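The next block holds one structure in the form of structure tokens; read it before the comments.
Residue numbers (the working numbering): 674 to 806.
See the structure below:
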């Protein structure tokens, strides 16, 4: 046999077998005002624009940091692959040139004191990384 079904307006909890209309956070009476769903479309559009703008800004900041790291990596590879016959001292500035065979070489001679093909000046920091000066 089937269980007796309660009418729709009766609030009955099938699991606990109790009437729990008073425990609901919303009105359950037939005469209660209808529950209206608020239109949040404008709020969503406004905040999705803000969130997207914030994420794009953060992405651009990270991309700029990444590009700076790539540039630093290229300079480090360039200087470390250059020819030099001395041990560089941390904190000193060195100058990178190209010789007649287009090979890079590192020198302590400033660009104002010679007429080599100048690439750039670099300083060796305490982390053994070359920073462009």
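Note that beta-carbon positions come from the ideal geometry of N, C-alpha and C, so glycine has one too. Note that this is a predicted model, so its numbers are computed, not measured.
Expected contact under 8 Å - CB spacing of residue i and residue j to nearest Å
{"i": "residue 791", "j": "residue 770", "result": "6 Å"}
{"i": "residue 777", "j": "residue 755", "result": "4 Å"}
{"i": "residue 795", "j": "residue 748", "result": "7 Å"}
Helix, strand or coil at residue i [DSSP, three-state]
{"i": "residue 686", "result": "strand"}
{"i": "residue 698", "result": "coil"}
{"i": "residue 693", "result": "coil"}
{"i": "residue 784", "result": "helix"}
{"i": "residue 805", "result": "strand"}
{"i": "residue 706", "result": "coil"}
Buried versus exposed call for residue i [16 or more other C-beta atoms within 10 Å across all chains shown]
{"i": "residue 759", "result": "exposed"}
{"i": "residue 779", "result": "buried"}
{"i": "residue 674", "result": "A caution first: residue 674 carries a pLDDT of 40, below 50, which makes its placement in the model too unreliable to give a value."}
{"i": "residue 739", "result": "exposed"}
{"i": "residue 732", "result": "exposed"}
{"i": "residue 677", "result": "exposed"}
Straight-line gap, residue i to residue j (C-alpha atoms, nearest Å)
{"i": "residue 685", "j": "residue 698", "result": "15 Å"}
{"i": "residue 689", "j": "residue 695", "result": "15 Å"}
{"i": "residue 803", "j": "residue 737", "result": "19 Å"}
{"i": "residue 722", "j": "residue 735", "result": "20 Å"}
{"i": "residue 709", "j": "residue 745", "result": "59 Å"}
field: Complete runs of the beta strand (DSSP E) confined to the stretch 708-771 [at least 3 residues]
entry: 766-771
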